[in-house]
Every structure is written in structure tokens, then in C-alpha cells.
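Taking it in order: structure first as C-alpha cells, then the write-up.
Number of protein chains: 2
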Amino acid sequence: MNSQLDRIDRKILRELQTDGRIANVDLAKRVGLSATACLERVKRLTREGFILGYGARLNPELLEAGLLVFVEVLLDRTTPDVFERFKVAVLDRSEVQECHMVAGGFDYLVKARVRDMKAYRDFLGHTLLSLPGVRETHTYAVMEEVKESGAIHIPN
Amino acid sequence: MNSQLDRIDRKILRELQTDGRIANVDLAKRVGLSATACLERVKRLTREGFILGYGARLNPELLEAGLLVFVEVLLDRTTPDVFERFKVAVLDRSEVQECHMVAGGFDYLVKARVRDMKAYRDFLGHTLLSLPGVRETHTYAVMEEVKESGAIHIPN
DNA sequence: GTTTAGGCCGGATTTTATCCTGTTGAATGG
DNA sequence: CCATTCAACAGGATAAAATCCGGCCTAAAC
Numbered sequence: 001m002n003s004q005l006d007r008i009d010r011k012i013l014r015e016l017q018t019d020g021r022i023a024n025v026d027l028a029k030r031v032g033l034s035a036t037a038c039l040e041r042v043k044r045l046t047r048e049g050f051i052l053g054y055g056a057r058l059n060p061e062l063l064e065a066g067l068l069v070f071v072e073v074l075l076d077r078t079t080p081d082v083f084e085r086f087k088v089a090v091l092d093r094s095e096v097q098e099c100h101m102v103a104g105g106f107d108y109l110v111k112a113r114v115r116d117m118k119a120y121r122d123f124l125g126h127t128l129l130s131l132p133g134v135r136e137t138h139t140y141a142v143m144e145e146v147k148e149s150g151a152i153h154i155p156n
Numbered sequence: 001m002n003s004q005l006d007r008i009d010r011k012i013l014r015e016l017q018t019d020g021r022i023a024n025v026d027l028a029k030r031v032g033l034s035a036t037a038c039l040e041r042v043k044r045l046t047r048e049g050f051i052l053g054y055g056a057r058l059n060p061e062l063l064e065a066g067l068l069v070f071v072e073v074l075l076d077r078t079t080p081d082v083f084e085r086f087k088v089a090v091l092d093r094s095e096v097q098e099c100h101m102v103a104g105g106f107d108y109l110v111k112a113r114v115r116d117m118k119a120y121r122d123f124l125g126h127t128l129l130s131l132p133g134v135r136e137t138h139t140y141a142v143m144e145e146v147k148e149s150g151a152i153h154i155p156n
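And the structure:
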């Protein structure tokens with residue numbers, strides 16, 4: 001842990017990660033500070049880049065995004081610009097929640113949410129496979145989301 | 001899209017997903033409502049389960065979680081309770097951000113953030129491989145995070 | 001020993017959330 | 001067709017929170 005963060009800073013980050021909309025007054029009580037001191041710390045943590053922003057957690061089930069899929073993508077490395085073009089395409093597609101370049105048996109791992117299998121077929125065909133340079137894909141449909149917190153662990 | 005959501009509801013969800021800490025007054029201006037009407041909608045969206053909560057987005061680079069890995073896990077299906085025990089273990093480990101049971105060539109896909117490769121070795125050895133019933137794992141270390149929004153797409 | 005700076009607190013002020021009331025407009029039923 | 005009902009909204013009043021403003025304390029620097 002960054003030594004510039006003391007116990008209270010870390011507690012603030014944990015609390016805000018859990019409930020990003022907690023009132024500063026309540027947050028101050030939880031961490032044992034006055035509202036003023038607490039607010040100053042939150043501002044500092046934001047200024048220094050520890051806190052990147054805040055967001056609502058939405059329910060994919062109710063928002064026509066009930067099917068979660070992971071797709072491994074292998075590119076044809078002989079084609080110029082494939083990596084760049086793939087990135088641009090992925091950034092442009094709102095179904096894609098995450099895309100990571102990985103070291104290992106393939107090039108990119110894509111996490112996408114779509115309405116159903118039909119929507120996934122469209123996504124695969126119209127977006128992924130229509131890109132030149134995509135040599136191979138493997139799709140894994142999620143049957144059960146065991147853990148979804150996305151929270152970063154912050155030690156005490 | 002769920003037909004009970006109108007254009008304004010969807011705009012509210014988009015705004016809150018982007019900035020979960022926007023003041024209700026400002027949100028109301030953006031969506032073209034009075035503060036009262038806007039607040040009522042947010043409460044309804046929460047009551048009906050569209051909004052699950054709010055969270056701060058933290059910077060993993062600064063929080064000793066700079067290495068992102070995905071691990072495919074194949075379980076030994078002849079051992080009783082393997083699935084249940086695996087789930088419990090995964091829920092207990094704070095490095096694990098996500099864990100999904102998938103259909104395909106393996107059983108679980110785990111997303112974890114650790115400090116570095118050394119920490120990952122510990123995680124793999126002490127957590128994953130020490131579980132009885134884990135037959136095989138494949139690790140993919142992330143070299144570049146192309147997209148990380150995690151945002152759910154909400155049509156206009 | 002004095003100065004300086006950082007972090008904290010409590011009270012004052014501004015801003016925001018929340019409550020309350022009345023209006024509008026659309027749908028319903030006589 | 002008109003009266004009734006209901007849902008959603010707006011605006012003002014009040015409660016709560018954020019933010020600002022000195023002042024205090026401590027530790028480090030000089």
C-alpha cells in the first residue's frame with residue numbers, strides 16, 4: 001500500500017467503494033473525523049488520483065443485458081494495423097464492457113453483455129468476425145455469476 | 001428495453017452510471033425535470049431494482065493492485081462438493097474481483113487483481129491450487145487494458 | 001526558542017435534499 | 001359529453017448536508 005495513505009484514508013476508500021453516495025457527514029462519523037476534515041481527505045484522494053469517479057451499479061437483468069459472454073480473440077499478426085483496428089472497433093461497441101490484451105494463447109479477452117443468444121450471434125458476426133485480421137474466436141457464455149463485486153482490495 | 005422505462009428514465013440511468021454522485025438538482029436540469037420529479041424517479045428506479053447501488057471507481061495502479069489476471073479453472077467433477085467449495089473459497093478472497101461459471105472448455109473464469117507476479121504466484125498456489133478438486137488452471141496476464149468501462153449499454 | 005505548515009475542529013453560510021400542496025392532463029366511467 | 005380519478009409534475013417551505021472561514025494544536029524546520 002502506498003505509504004502516503006494512512007489507516008483513515010484506506011477506510012474512506014473502502015467505504016466509498018461500497019457506497020459511493022454516502023453523505024460526507026456519515027462518512028466522517030464512520031472514520032472518526034469531523035465533516036470538514038473528512039471532506040478534505042476525500043478531495044485530496046480525488047486530486048491525487050486514488051478516486052477516479054463514481055458510478056451507479058445497474059441491474060443488467062432488467063436492462064436487456066442478461067447474457068454475459070467472454071470471448072477470446074486471436075488475431076492474424078501478419079495483417080498490418082490489426083491490433084489498432086481491433087481496439088478502435090471494440091471501443092466503439094457499447095456491448096463490450098471490457099477488453100484486455102493478454103499474454104498467453106490468444107490476443108484479446110473481451111467481456112460483453114447482450115440481451116440473449118440471438119443478440120450475441122449478431123455481435124459476433126457483425127462486429128468481431130467482420131473485422132479483418134480476426135483469425136479465431138472462442139466464446140464462453142456465463143451460466144452463473146458467482147462474484148461480481150469488482151471491488152479493489154484495500155488492506156487495513 | 002423494459003417498456004416501463006421511458007426516455008427520461010433511461011437518461012437518468014445513463015447519467016448516474018457515468019457520474020453516480022451528481023447532485024439531484026443538476027441531474028434534474030440535464031434530464032429536463034424539476035428536482036422533485038427527478039428525485040422521485042431515481043427513488044422509483046432504485047425501488048424497482050434498476051439501480052443496485054453506487055460505488056467509487058478507484059485506481060488499481062496506485063493501490064497495489066497493478067497486475068490484472070484472468071484464470072480459467074477446470075474442476076475435478078468426480079469430487080463431491082467441489083463447485084460449492086470453490087465458490088466459497090472465491091467469495092472469501094479479496095483479490096478476486098469476479099468469478100463466473102461458464103459453459104465451454106473449463107468451469108470457472110476468475111478475474112483477480114494482485115500487486116505483482118510474486119503476489120500472483122502466492123494467490124495461485126495458496127488459494128486456487130490448494131483447493132481439492134481443482135484439476136487444471138490456465139492463467140492469462142493482462143498486458144494492456146483496452147477498455148474497462150464496465151458500463152451497461154442503455155439505448156435512447 | 002521561534003516560525004511555519006499541515007491537519008483538525010466547530011460554527012456560520014450556502015447549497016441541496018426532502019416534504020408538502022396545488023395544478024395539469026390523460027384515462028375512466030357514468 | 002362531463003365529472004372523477006390518478007399519476008406525474010412544479011414550486012415554495014423546511015430540514016439536512018456541503019462548504020467556507022477562522023482558530024487551535026502539534027510537529028518539523030530553522
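Sequence order for the protein chains is A and E. Residue numbers for the first sequence follow full-length UniProt numbering, so the first one is 1 and each next one is one higher. Residue numbers for the second sequence follow full-length UniProt numbering, so the first one is 1 and each next one is one higher. Think of the CB as a built atom: it goes at the ideal place given N, C-alpha and C, for glycine as much as any other residue.
Taking residue i and residue j to be in contact with their CB atoms under 8 Å, please state how far apart those CB atoms are, rounded to whole angstroms.
i	j	result
E/Leu-33	E/Glu-15	With 8 Å as the limit, E/Leu-33 and E/Glu-15 do not qualify as a contact, their Cβ atoms being about 12 Å apart.
A/Leu-68	A/Val-142	4 Å
A/Leu-58	E/Leu-52	7 Å
E/Asp-122	E/Gly-66	In fact, because the Cβ distance is near 15 Å, the residues do not count as touching under 8 Å.
A/Tyr-54	E/Arg-113	The pair is not a contact, with the Cβ atoms about 19 Å apart (cut-off 8 Å).
A/Leu-131	A/Ala-89	6 Å
A/Ala-35	A/Val-42	Contact flag wrong, Cβ pair sits at about 11 Å.
A/Leu-109	A/Glu-72	6 Å
E/Phe-70	E/Lys-111	6 Å
A/Glu-148	E/Glu-98	6 Å
E/Glu-61	A/Met-101	Not confirmed; about 16 Å, so no contact.
Taking its Cβ as the centre, do 16 or more other Cβ atoms sit within 10 Å of residue i, making it buried, or is it exposed?
i	result
A/Gln-4	exposed
A/Thr-139	buried
E/Ala-23	exposed
E/Gly-105	exposed
E/Lys-118	exposed
E/Arg-40	The residue you asked about is not Arg; residue 40 of chain E is Glu in the sequence shown. Counting Cβ neighbours within 10 Å, E/Glu-40 comes out exposed, since fewer than 16 surround it.
residue 177 of chain A	Nothing can be reported for residue 177 of chain A, as the shown portion of chain A is limited to 1 through 156.
A/Asp-81	exposed
E/Arg-47	exposed
E/Leu-91	exposed
A/Arg-10	buried
A/Ala-103	exposed
A/Ala-56	buried
For residue i, which three-state DSSP category applies?
i	result
A/Leu-131	coil
E/Ile-154	coil
E/Gly-49	coil
A/Gly-55	strand
E/Thr-18	helix
E/Ala-141	strand
A/Glu-40	helix
E/Glu-148	coil
A/Glu-64	coil
E/Met-1	Unreliable placement is indicated for E/Met-1, whose pLDDT of 41 sits below 50; the coordinate value is still reported in the next sentence. E/Met-1: coil per DSSP, three-state reduction.
Residue range of the alpha helix (DSSP H) that residue i falls in?
i	result
A/Leu-67	Note, A/Leu-67: premise wrong, no alpha helix (DSSP H); beta strand (DSSP E) at 67-75.
E/Ala-89	82-92
E/Asp-122	117-122
A/Ala-23	Careful: A/Ala-23 lies outside any alpha helix (DSSP H) and carries neither H nor E.
Locate the beta strand (DSSP E) running through residue i, then write down its first and last residues.
i	result
E/Leu-109	108-114
E/Ala-103	96-103
What does a CB cutoff of less than 8 Å around residue i pick up in its chain, not counting 5 residues either side in sequence?
i	result
E/Gln-17	Ala-151, Ile-152, Ile-154
A/Val-96	Val-90, Val-110, Lys-111, Ala-112
A/Arg-7	Asn-156
E/Thr-137	Val-71, Glu-72, Val-73, Leu-74, Leu-124, Leu-128, Leu-129
A/Cys-38	Ile-12, Asn-24, Leu-27, Ala-28, Val-31
Can you name, in chain order, every residue of its own chain whose Cβ lies under 6 Å from the Cβ of residue i, other than the five neighbours on each side?
i	result
E/Gly-133	Leu-75, Asp-76, Thr-79, Val-82
A/Met-1	The pLDDT assigned to A/Met-1 is 42, lower than 50, so where the model puts this residue is not dependable; a value taken from the coordinates is nonetheless given after this. For A/Met-1, where only same-chain residues beyond five positions count, the Cβ hits under 6 Å are Pro-155.
Less than 7 Å between C-beta atoms, sequence neighbours within five positions excluded: which residues of the same chain meet that for residue i?
i	result
A/Arg-30	Glu-15
A/Tyr-120	Leu-67, Val-69, Val-114
E/Asp-107	Val-73, Leu-74, Leu-75, Met-101
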